[in-house]
Ligand code: PHB
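This is how it looks when you write it as structure tokens:
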């Protein structure tokens with residue numbers, strides 16, 4: 002089914018299909034990126050599901066019998082097949098879904114993690130498939146903090162922790178506070194010693210991602226997860242050097258992780274993600290624009306300094322303050338992430354409800370020669386999204402009901418474009 006809200010855009014005279022050298026080892030052929038997307042196709046043990054049971058299903062056999070659905074002859078594991086399809090356009094940057102750094106900073110059973118051998122092995126299949134298409138794989142690494150499920154942490158013998166003992170108050174749709182109290186795992190602030198554990202685990206997860214064949218990692222500092230809980234002045238009430246007394250203190254943990262990791266693996270392999278204006282996870286975001294803009298300006302300046310010293314990030318990825326059907330409380334329409342361009346001269350990825358607005362897509366990609374656009378929902382429903390954009394073709398609609406179902410349906414069976 003085609004998306005009737007979308008009018009094909011002509012991107013020919015924009016930077017979109019102009020190659021971009023991101024680092025010494027990454028040259029993209031276009032600026033359309035696959036955004037990190039949680040899909041819950043995992044086996045127990047936080048391992049990406051690479052089973053091949055789907056090959057025996059009649060609906061799958063019907064799918065591959067259609068020549069337009071050119072996924073190749075090879076039999077692949079489930080998650081391997083999904084990423085294979087979406088990296089088929091040579092020189093595509095694929096950001097692999099949020100991957101948990103360690104059990105103690107995890108707390109979801111159904112997402113991938115990267116702290117043990119089987120997790121690495123399973124991820125390796127994905128990076129191999131992406132590389133076979135001459136595309137590139139970045140792994141998004143994340144600690145959950147106060148957005149974890151406290152009962153899972155309790156089951157595994159870990160505390161429910163954040164920068165401070167402040168529960169998600171607004172929009173606690175998952176009832177985390179109640180769960181914490183019921184499972185007798187009340188939220189508490191990380192000790193100074195445990196902050197060292199956060200650093201250790203991020204660094205280990207990044208190295209494991211490289212072992213799994215990734216071209217780099219994206220440190221997830223957005224959407225109200227653990228590192229975002231240190232940046233945010235509402236959540237973070239610490240009085241030590243990781244506290245809220247200054248911008249420097251708020252960003253200390255994050256920058257320490259970045260710098261230590263850069264010293265070990267090189268900054269060309271490290272990207273970062275922020276969602277400055279979002280309130281997901283009860284972050285301050287657009288509720289205090291002057292703090293948000295001042296704080297993130299400071300942070301971008303820190304990255305610009307590093308860039309000028311030869312230790313800048315691969316890119317900074319920003320989630321747009323643009324409303325979509327998931328966040329119906331409109332964010333202030335007059336705020337923009339664009340102040341980053343006055344502070345930071347490296348590569349920037351923007352994501353968040355961009356594609357349906359053709360004029361905005363064109364404006365975004367044309368504003369300078371270092372902007373990329375990440376697509377989420379339409380990369381789910383269009384394995385050949387980039388070809389469709391290149392040829393100004395219509396796109397498939399997505400089915401939200403199968404975003405988080407566990408099998409191959411709504412995952413690897415979205416049709417490729419079929420010439421009439
Ligand atoms: C996110 O929405 O950013 C997200 C969701 C689930 C994860 C990690 C990140 O495990």
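In our numbering, the protein residues as written are 2 to 421. Backbone N, C-alpha and C fix where the C-beta goes; we use that ideal spot for every residue, glycine too.
**Request:** Compare the C-alpha of residue 31 against each of 45, 42, 13 and 48 and name the closest.
**Result:** The shortest CA-to-CA distance from residue 31 to any of 45, 42, 13 and 48 is the one to 13.
**Request:** Give the C-beta separation of residue 4 and residue 396 to the nearest angstrom, bearing in mind that I take them to be a contact with Cβ-Cβ under 8 Å.
**Result:** So it is a contact: roughly 5 Å between Cβ atoms.
**Request:** Taking all protein chains shown into account, decide if residue 264 is buried (16 or more other Cβ within 10 angstroms of its Cβ) or exposed.
**Result:** Burial is judged here by how many other beta carbons sit within 10 angstroms of a residue's own beta carbon; residue 264 has fewer than 16 and is exposed.
**Request:** Using beta-carbon positions only, say whether residue 250 and residue 243 come within less than 8 Å of one another.
**Result:** Yes, the Cβ-Cβ distance between residue 250 and residue 243 is below 8 Å.
**Prompt:** How about residue 29 and residue 94: are their beta carbons less than 8 Å apart?
**Reply:** Going by C-beta atoms, residue 29 is nearer than 8 Å to residue 94.
**Prompt:** Taking the DSSP output, what are the residues bridged to residue 351?
**Reply:** Answer is 319 and 374, bridged to residue 351.
**Prompt:** CB-CB under 7 Å to residue 70, same chain, minus the five flanking residues each way: which ones, in chain order?
**Reply:** Excluding residues within five positions, the ones whose Cβ falls inside 7 Å are 64, 416 and 417.
**Asked** Between residue 144 and the ligand PHB, is the CB less than 7 Å from at least one heavy atom?
**Response** Every heavy atom of the ligand PHB is 7 Å or more from the Cβ of residue 144, so no.
**Asked** Is residue 262 near residue 203, with beta carbons less than 8 Å apart?
**Response** In this structure, residue 203 lies closer than 8 Å to residue 262 by Cβ.
**Prompt:** Rounded to whole angstroms, how far is the Cβ of residue 220 from the Cβ of residue 228, which I believe are closer than 8 Å?
**Reply:** Going by Cβ atoms, the distance from residue 220 to residue 228 rounds to 7 Å, so yes, they are a contact pair.
**Asked** Can you round the beta-carbon distance between residue 407 and residue 87 to whole angstroms, since I take them to be within the 8 Å contact cut?
**Response** The beta-carbon distance between residue 407 and residue 87, rounded to whole angstroms, is 19 Å. This is too long to meet the 8 Å contact definition.
**Request:** Apply the 10 Å Cβ neighbour rule to residue 329 and answer buried if 16 or more other Cβ atoms are within range, or exposed otherwise.
**Result:** Unreliable placement is indicated for residue 329, whose pLDDT of 47 sits below 50; the coordinate value is still reported in the next sentence. Counting Cβ neighbours within 10 Å, residue 329 comes out exposed, since fewer than 16 surround it.
**Asked** Along the chain, where does the beta strand (DSSP E) that runs through residue 221 open and close?
**Response** Note, residue 221: beta strand (DSSP E), 217 to 221.
**Request:** Whole angstroms is fine: what's the gap from residue 315's alpha carbon to residue 378's?
**Result:** Going by the C-alpha atoms only, they are around 24 Å apart.
**Request:** Could you name the residues of the same chain whose beta carbon sits closer than 8 Å to that of residue 358, not counting the 5 residues immediately before and after it, in chain order?
**Result:** Within the same chain, no residue comes within 8 Å of residue 358 by CB-CB distance, once the 5 residues on both sides are set aside.
**Message:** Quick check on residue 329: does DSSP put it in helix, strand or coil?
**Reply:** In this prediction, residue 329 scores a pLDDT of 47, lower than 50, which makes its location untrustworthy; no coordinate-derived value is stated.
**Message:** If you follow the beta strand (DSSP E) that residue 21 is in, where does it begin and where does it stop?
**Reply:** Annotation: the continuous beta strand (DSSP E) that includes residue 21 extends over 21 to 24.
**Request:** State the start and end residues of the unbroken beta strand (DSSP E) segment that holds residue 301.
**Result:** It is not in any beta strand (DSSP E) - residue 301 instead sits in the alpha helix (DSSP H) that spans 290 to 309.
**Item:** Opening and closing residue of the alpha helix (DSSP H) in which residue 274 lies
**Value:** No alpha helix (DSSP H) contains residue 274, which is instead part of the beta strand (DSSP E) from 271 to 275.
**Message:** Using C-beta distances below 8 Å, list every residue in its chain close to residue 288, excluding the 5 sequence neighbours before and after it, in chain order.
**Reply:** Shown here for residue 288: same chain residues with a beta carbon closer than 8 Å to its own, the five before and five after excluded, namely 280 in chain order.
**Prompt:** Do you know offhand how far residue 275's Cα is from residue 338's?
**Reply:** Roughly 10 Å separates the two Cα atoms.
**Prompt:** Is residue 405 near the ligand PHB, in the sense that its beta carbon is under 7 Å from a heavy atom of that ligand?
**Reply:** No, the ligand PHB has no heavy atom inside 7 Å of this Cβ.
**Message:** Would you say the beta carbon of residue 348 is closer than 7 Å to some non-hydrogen atom of the ligand PHB?
**Reply:** Every heavy atom of the ligand PHB is 7 Å or more from the Cβ of residue 348, so no.
**Item:** Contacts around residue 6, its chain only, beta-carbon distance under 7 Å, and the 5 residues preceding and following it disregarded
**Value:** A distance below 7 Å between beta-carbons, with the five flanking residues on each side excluded, links residue 6 to the following residues of its chain, in chain order: 357.
**Message:** Using CA atoms only, rank isn't needed, just tell me which of 179, 201 and 26 is closest to residue 92.
**Reply:** Residue 26 is the option with its Cα nearest to residue 92.
**Message:** Please state whether the Cβ-Cβ distance between residue 38 and residue 317 is less than 8 Å.
**Reply:** In this structure, residue 317 does not lie closer than 8 Å to residue 38 by Cβ.
**Request:** Could you work out which residue in 307, 51 and 366 is closest to residue 345 when comparing CA atoms only?
**Result:** Taking the Cα of residue 345 as reference, the smallest distance to any Cα among 307, 51 and 366 is reached at 307.
**Message:** Measuring alpha carbon to alpha carbon, tell me which residue in 300, 154, 347 and 114 is nearest residue 269.
**Reply:** The option with the nearest alpha carbon to residue 269 is 347.
**Item:** N- and C-terminal bounds of the beta strand (DSSP E) containing residue 138
**Value:** Here the beta strand (DSSP E) through residue 138 covers 137 to 143.
**Request:** Decide if the region 108 to 117 is in contact with the region 147 to 165; the criterion is three or more beta carbon pairs, one per stretch, under 8 Å apart.
**Result:** At 8 Å Cβ cutoff, the stretches touch.
**Prompt:** residue 299 to residue 248, Cα distance in whole Å?
**Reply:** Using only the alpha carbons, I get a separation of about 7 Å.
**Prompt:** What residues in its chain sit with their C-beta under 6 Å from that of residue 178, if we drop five residues either side in the sequence?
**Reply:** These residues qualify, in order along the chain: 168.
**Message:** Following a CB-centred definition, is residue 221 positioned closer than 7 Å to any heavy atom of the ligand PHB?
**Reply:** Distances between the C-beta of residue 221 and the heavy atoms of the ligand PHB include at least one below 7 Å.
**Buried versus exposed, by CB contacts within 10 Å (16 or more), residue 193** = In summary, residue 193 is exposed, with fewer than 16 beta-carbon neighbours lying within 10 Å of its beta-carbon over all protein chains present.
**Asked** What are the boundary residues of the beta strand (DSSP E) that residue 80 is part of?
**Response** No beta strand (DSSP E) holds residue 80; the alpha helix (DSSP H) holding it covers 79 to 87.
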